[in-house]
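Notes follow once the structure below has been shown.
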Amino acid sequence: MSQKIRIDFARVKKLITLVILAAMAIGAIIFAEMNYREIKCTGIVIKLDSENERPLLSKQDINVMVTNQGTDYFVDKPLDEISLHKIEQRVKKIPLVKSCEAHHDFSGKIIISVKEYRPIARILHFTSGESNYKDQYVTHEGKFIGTSSLFTPRVLIASGPFFTGKRKDLLDERGKTLIPLFEFINNDDFWRAQITQVIVAADGGVVLIPAMGQTYIDFGLPIKIETKFKKLALFYKKIIPNKGWNTYHWVHLKYKNQVICD
0 MSQKIRIDFA RVKKLITLVI LAAMAIGAII FAEMNYREIK CTGIVIKLDS
50 ENERPLLSKQ DINVMVTNQG TDYFVDKPLD EISLHKIEQR VKKIPLVKSC
100 EAHHDFSGKI IISVKEYRPI ARILHFTSGE SNYKDQYVTH EGKFIGTSSL
150 FTPRVLIASG PFFTGKRKDL LDERGKTLIP LFEFINNDDF WRAQITQVIV
200 AADGGVVLIP AMGQTYIDFG LPIKIETKFK KLALFYKKII PNKGWNTYHW
250 VHLKYKNQVI CD
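Going by numbering that gives the first Met the number 0, the first residue of the sequence shown is number 0, and it counts up by one from there.
See the structure below:
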């Protein structure tokens, strides 16, 4: 009998401990909530994450969007009256912004963490007679994100009839085929140094413009990319040392198992 009482007492003691801990946790939450309502914004801290050589955005650019073009100031405003979601949505309206997260600390600071896109190519519209359309950077996802007035990164140039009209991205079936080509060139140190521009015809056929010489490279459709660059490597290793840079005007890679020069 006494043993059973001792067991029940242990259970009661454990239950009381759990109740006390739960009450303390609830009390802490209530206390924090009450304090939170009393905290006012003491400032905005912007953290910019960039994988580019230099940021494409300035913190001032971001701050302008945070304050809704200077019409919405937060300093001395209670934190519980400030929508962090609304701040994030404002910043995400900047095309160069890939992601934005906002939170606050108990000192009253609102911390806004922004990550910008890293472009893989720049689309030139003026070369195809479309001077009314602005140049665009394109991302790994195929999105057009405008350009930066702050910094011009050294990226592959793309132009040609394929980009005429009101094309807003490379998310359609043909546009998507260009992304692996851009990425292949960007990810290879040798080809990134050799190829400066990609001209894309209306049907999606590609011509590569090298940094040296006057030879145009007829790549054809952006398929079998690695195989075609292996053939182009043979041209660089075997033919150029013997014939020189300006012997041929064209190198054709689109024919199966052949490299044709003329």
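Glycine included, each C-beta is placed from N, C-alpha and C at the ideal position.
Note that this is a predicted model, so its numbers are computed, not measured.
- With contacts defined as CB atoms closer than 8 Å, Gly-204 and Arg-173 fail to qualify as a contacting pair.
- Annotation: the segment 21-108 contains the following complete segments of the beta strand (DSSP E) (minimum length 3 residues), in chain order: 42-48, 96-103.
- Of the residues Thr-226, Trp-244, Asn-241, Thr-41, the one whose Cα lies closest to the Cα of Lys-76 is Thr-41.
- In the DSSP assignment, Gln-257 falls outside any alpha helix (DSSP H) and carries neither an H nor an E.
- Approximately 17 Å separates the beta-carbon atoms of Ile-156 and His-139; this is outside 8 Å, ruling out the contact.
- Within the same chain, Cβ atoms closer than 7 Å to the Cβ of Lys-108 are found at Thr-41, Gly-42, Val-44, the five residues on either side in sequence being excluded.
- With respect to the C-alpha of Asp-134, the residue from Thr-163, Asn-186, Met-211, Ser-112 having the closest C-alpha is Thr-163.
- Annotation: Ala-192 is outside any beta strand (DSSP E); the continuous alpha helix (DSSP H) that includes it extends over 188-193.
- Between Leu-233 and Val-258 a beta carbon distance of about 6 Å is seen, short of the 8 Å cut, so the two are scored as contacting.
- Tyr-247 sits in coil when the DSSP states are folded into three classes, being neither helix nor strand.
- Apart from the 5 residues on each side of it in sequence, Pro-221 sits with its Cβ closer than 6 Å to the Cβ of Thr-176, Leu-177, Leu-180, Val-205 in its chain, given in chain order.
- Put simply, the backbone Cα of Phe-150 is about 13 Å away from that of Asp-60.
- Residue pairing by DSSP puts Gly-219 in a beta bridge opposite Val-205.
- Distance from the Cα of Leu-123 is smallest, within the candidate group Gly-69, Thr-214, Thr-146, for Thr-146.
- Secondary structure of Lys-236 (DSSP, three-state): helix.
- Between His-248 and Thr-195, the C-beta spacing is not below 8 Å.
- The three-state reading of DSSP puts Leu-155 in strand, counting E and B together.
- Excluding residues up to 5 positions away in sequence, Cys-99 lie with their Cβ nearer than 7 Å to the Cβ of Lys-91 in the same chain.
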